[in-house]
Each structure stands twice: as C-alpha cells, then as structure tokens.
Ligand code: MN
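Numbering (the numbering used here), first residue to last: 98 to 834.
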C-alpha cells in the first residue's frame, strides 16, 4: 500500500529543499507566491502520474527546478517554468492557462520546452534536424535550453528505471546533442556529468573499470598533489592570500575516450590531471593581479612551458570562461597543467553563464547575444543540409577560439586556425569579397595567414577584387566558405554569358553551325567539363577560339582540317645588341617556344635531330609534351597539313647575343590585371626581351619571376623604375638565376 499522506509530506519536503537551494532568487513575497502557485498547479496537474520507478511524477519537475537553481544558478522565472515544464505536454494544462496564471514570458518558455521534446530519432539526420530546432529556440529565450538541460540531466540521473532500448537511445542523444550544448554554454560540470552518465549507460563495464581504477590510484595522485603544491602553499600563505589548491582528475568519460582513441591502458592515462589554484580575492579589481602573482609563485618553483601559457583572464572565452593555464615541469619530470583562477571565475567555469549573471547583472548578456547571432547566421544559410550544419557546428563547439582585434580595438572571436581572410568575412561579407590584402600587426600577410589570439588585423579592400577559387582551399569558417562559393558561382555565370556571345560570333564567322556539331564535341575538344565551364573559359581566354579555324565538320564530326598548310614558322624576335654585356658568358643558345618566347620543356624529335641554328617548329604531342622538329624534317608536310592546330613557333636564341640576361623577382598584391600591366611594360613599352615569366599567385599575394634581356644597366634601372609604378607592386629584387 502506498502511504499517500507520507508521500505528500515528502513532496512538500522536496519543494522546500528546492527553495532552500534557490536563495539567490528574489526573496520578495510576490515571487515566493508565484513559485508556490507554480508548485501547486504542477502538483494538481500531475497528481495521477507516476514515473517508471513508481514515485509520484511531481518529484521530477521539482528536481529539475532544483538543478536550475542550485547547479545552474537560474532565478525565479526559470524555477516556475521548470516546475511547469511537463504540464502542457503531458496534462490538461494549456498554454493559455499559463499565460493567465503566470504571464506571457513564462508561456513562451514553456512553449519552447514543449516544442523541443518533439520527435527525436536515432536516425542521424533527424537528430540533426532536431538539433537545428533546439538551436533555433536559443534565439528566443536561452532559458529554454538551460531548463531543457536540467530536465535532461535529471532524466539521465534516473535513467536506471527505464527500458534498456530507451536508455540507449536517450544516452546517445545526450552525447550527441546535450553534452556539446552544455559545453558551448559553459556548463562544464553538467557537461561532464552528462557524458559520464551516458557512458555508464552505453558501456557499463568500461565505466566501472575506469571508476574502480581511479579509486585505486587516488592515493598516489593526492600524494603527488600534496608534494607538488606544498611549496606554493607556503609562499601564498606568507603573502596572506586566501586560496584553495586541488587536483582535478579527468572525467571518466574523457579517460575512457582517450583509452579507446589511443588504444592505451588505464595506467597510461590515469595520471592526466590538472592542479587548480582557486583564489578568494578580496575585491574583484584584485583578481587579475592575484592570479598573476600565483602564476609567478608557481613558476618560481617549477619550469613553465611558455608555449602552453593560456591567458583567458585578459580575453575570456565566448562562453564566459576565465582562467590562467600554464604547464610546468614537476620534480619527477612530468608536465603538469596548473589552472589559476579566482572563486568567481571557478564558479563561472563550472556553472557557466548563469553564474555570470549572478556576479554581474546583465553583464554577460551582450556576449551571449553575439553567440546567438552567430548561431542564427549559421542556421540561416539554407542551402546546407542539416548534417553539414551539425558537423560545422560541432567543429566550432570543440575547437577553441582565438580573439583578434580590428584596428579600432573591437574584438572578434574566431575558431582556432582561422585565417586572415576568415577575419575579413567575419567583419562583413562585402569586406571579405573585396579583400585585397590583410595586415596583421602592421605587416602585410598572405590571405591564408593563420591568426593568433591578440593579433590586430586590418583588411585592405578594393572594389575590383573578387573571390578566387583557391580561397576555398584555406578558409576555415563556414561563413567564409559559403560566401565565397556563392560569389564565385555568380561571377562565373556572368562571365560565361560573355563567352557564349563570343563563341556564337566565332562560329558564325567560320560558318560552323552548332546544329551540325554538338556543344558536347566542343567541350571534349577543349577538354572542359561543362557547358558553363566552356563559356567561362572562352571568356577568360583560357581556351583558344582561334584554333576553331583549324577545324572543320567532316562526316558529321568536328575534326582538324586536312588541307591547310600554315605559314612558315616566322623568325622570332631577337633583342638588340648591346656593348654592355659582361654577364652570362655561356655560348649555348636556348630554345624558346610560342608567341611569348617562353623557355618551356621540350624534346628534340628523333626523326630529324635539330641542332642550334636550324629553322625549327614545335609540335604538341598527345603524351610527350612539345617535340621540336626541323622545318625541313620529312614529316613536316604531313604534320602541318593534318595537325596545323598543334604547331607552335619555336626558335633558337643566343643567350649571349649582346644583351645581358637577368632575373627579377616581383612581389605584390594580386590585383586584377597586374600581370598584364607588368608584361606590357616589359615587352611593349621598353622593348625589353622577356625570356621567361612565371607568376605564382597565392591567396592574394603574387610573386612573379621574370627573366629579361636588357641592353645595359641603365636600361635595367629604367625598367625597374617603371615596374615600380604598377599599382600593387610592393617590391622588386634582382636575381641572377
Ligand atoms: Mn521533464
């Protein structure tokens, strides 16, 4: 027989204890009455409900309210909503009742909670959709999420009485959704407990083993901690500081994860723990200097690893985390992480934002708004499916953040590994799209430059700049990727239109009708993958439409003309002689190829074995690159008549023919048309012989290497001066090879 009288006494007792844990919630009589009313409504609504364990259902909402108050530090509104959180979904109580009895705000939160508890499935994509839903409710009222986490935590704590299949489902959902959420919201102890409880459910034996081993090794650990901290303790005591030093071993879940991932035994990971110094600062203004003082004491005794110093006091994490971390060498030669923080910081680290609110009225909310708006932005890019989103979001969850600054000191949070270009997109889409260069701490860097916390970043923009394909290969943030992709596509479509007009015109001139041949044939002739690519490349001149002249439609197929014999290969430009030529005494003539007289790779044809001085031409073979034949080669007629479009100019040039050869290295910002301006100056304006040229464009910076034949040094000086005038050119160096 159930003793109903005893039960109501127990229920009331649970409620009173909950109130005891909620002392920080406003203590005025109106608030008290409202909480009591919520309790009464919930008791009445759930009066016939029992949990799987057999106990009255009302114990659950009371426990959730208590977690909200005690472990998250939430106030009266949240307590009221927690007490009522299952009424609308499971009982006769309606949202209208809530509006009438408590108010609009409470009704909105409870509605949010009701929405979240919709279908959750083990199907990953459905979970992802759900995750999206949960995140969306964040933007309404973050308390919905916090109460939901408290609800989930209590369900996990009491999961034992559920059916095994249900247990597993809830545990995996907890690991997948709720633990990361708790982490992102800075609720560290809730996150750890959720993970441990899920593991205990999923891998009961593994969990028990780690737990047992932790207990067994506890004494060794605490001895180490005592020994390690005793000199520090003494000095801090002498300084009159109030503090506590404790060792914190990793959670069972993270030890287990590590054992699985690295396939190692417990013995190899159990000693991974941090030593935490918690200081009770007298005033909040003393906190920073107190922490650094403690740091100084620690490093007086133990050698720190400078690379591992993390200062989250000067720049707190987005979730409010503040702490000073250092890793020092212990006397036994082991690295030990030491975390230094004040009581307030520790509270925030464990309880997250709610604790923040406790310390600073409303202070944390502005940072929270920033985070919420980031989440919202992620959700708004609809072309991604929910799974991409969740991967991306999880990436953002688990990687740490860096903090960088705009020139006027505004701080931006970015994921670790974010590049200069990510920053530009974080400032504004248009700034990203038009990003020409980036200065980090006043120095020009490539757009792919990885930023570090504390960097001051300035973006240089130009209206002419447009996103480049290779940007995608290095940006880290979802935001930058999406914006670059959509901009590239748009750009390509616009350019392709020009290419289409161009192609139509050329074909008309040649009286080739697209009805006779298919566009597909042209695509395979030019080796491009799509219609869009073909038009685009025509517009970009990366396919050569003049080659169309060498084609005809024969037997319904587009193929090279048979009859045309091209003009004889012309003599190539040879630069003027000059008396000032002390350089490059080598007598060996070199072969240059093509209209631009480039030194490119070639092979000498074995049928005619050309030697320097012979009149030659290049033939583009299918598999062996360019082969150079004598014009008088027996194969010439056949090659030229059948494959005119594969013939390329070639000529020998005497390296030492009067002028002297020198190399120039040109560095600057990659701007539209800059290569063109440079080559024009070199070859047209000053009639300098350009022998080879290569430009390496690399995330916004370019490096050009040009070999030029100049008549004398004043000719060279003149050339450099003119090149320096090109917009975007930053530096020109002379190289001799
Ligand atoms: Mn519930």
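Don't be surprised by glycine CBs; every beta carbon is placed ideally from N, CA and C.
query, result
"Sub-9 Å separation of residue 192 and residue 204 beta-carbons", "yes"
"Under 9 Å between C-beta atoms of residue 200 and residue 121", "no"
"Burial state of residue 704 (16 or more Cβ within 10 Å)", "exposed"
"One or two residues paired with residue 555 in a DSSP bridge", "536"
"Rounded distance between the beta-carbons of residue 139 and residue 184, thought under 8 Å", "6 Å"
"Residue 257 burial status per 10 Å Cβ neighbour count (16 or more: buried)", "exposed"
"Quiz: which residues have CB nearer than 5 Å to ligand 1 non-hydrogen atoms", "183, 248"
"Residue 798 beta carbon less than 9 Å from that of residue 758", "no"
"Burial state of residue 525, where buried means 16 or more other Cβ atoms lie within 10 Å", "exposed"
"Residue nearest to residue 289 in terms of C-alpha spacing, selected from 578, 168, 423, 536", "168"
"C-beta contact flag for residue 690 and residue 649 at 9 Å", "no"
"From 155, 725, 708, residue whose alpha carbon lies closest to that of residue 699", "725"
"Cβ-based burial, residue 637 [other Cβ within 10 Å; buried from 16]", "exposed"
"Rounded Cβ spacing between residue 541 and residue 516 (contact assumed at less than 8 Å)", "The Cβ separation is near 14 Å, so there is no contact."
"Check whether residue 247 and residue 164 have beta carbons under 9 Å apart", "yes"
"Per-residue DSSP class, three states only, for residue 801", "strand"
"Pairwise C-alpha distance: residue 632 and residue 620", "10 Å"
"Residue range of the alpha helix (DSSP H) that includes residue 622", "616–622"
"Rounded separation between residue 684 and residue 740 - CA only", "Because residue 684 carries a pLDDT of 45, less than 50, the predicted location of this residue cannot be relied on, and the following value inherits that uncertainty. Residue 684 and residue 740: Cα-Cα distance of roughly 34 Å."
"CB of residue 529 within 9 Å of CB of residue 581, strictly", "yes"
"For residue 307, three-class secondary structure by DSSP", "helix"
"Own chain residues within Cβ distance below 7 Å of residue 635, not counting five before or after", "596, 599, 600, 642"
"CB contact flag (residue 294, residue 352, <9 Å)", "no"
"Residue 370 (DSSP reduced to helix, strand or coil)", "strand"
"Pairwise C-alpha distance: residue 567 and residue 795", "8 Å"
"Residue 407 and residue 420 closer than 9 Å at C-beta", "yes"
"Pairwise C-alpha distance: residue 197 and residue 157", "24 Å"
"Beta-carbon proximity list for residue 306, same chain, < 8 Å, skipping 5 on both sides", "363"
"Between the CA atoms of residue 327 and residue 333 - distance to the nearest angstrom", "10 Å"
"Opening and closing residue of the alpha helix (DSSP H) in which residue 342 lies", "Where residue 342 is concerned, there is no enclosing alpha helix (DSSP H), although the beta strand (DSSP E) it sits in stretches over 340–346."
"Secondary structure of residue 648, DSSP reduced to three states", "strand"
"Residue range of the beta strand (DSSP E) that includes residue 432", "432–439"
"Reference residue 556; option with closest CA among 186, 369, 539", "539"
"Residue 413 burial status per 10 Å Cβ neighbour count (16 or more: buried)", "buried"
"Reference residue 202; option with closest CA among 239, 189, 187", "239"
"Between the CA atoms of residue 350 and residue 291 - distance to the nearest angstrom", "9 Å"
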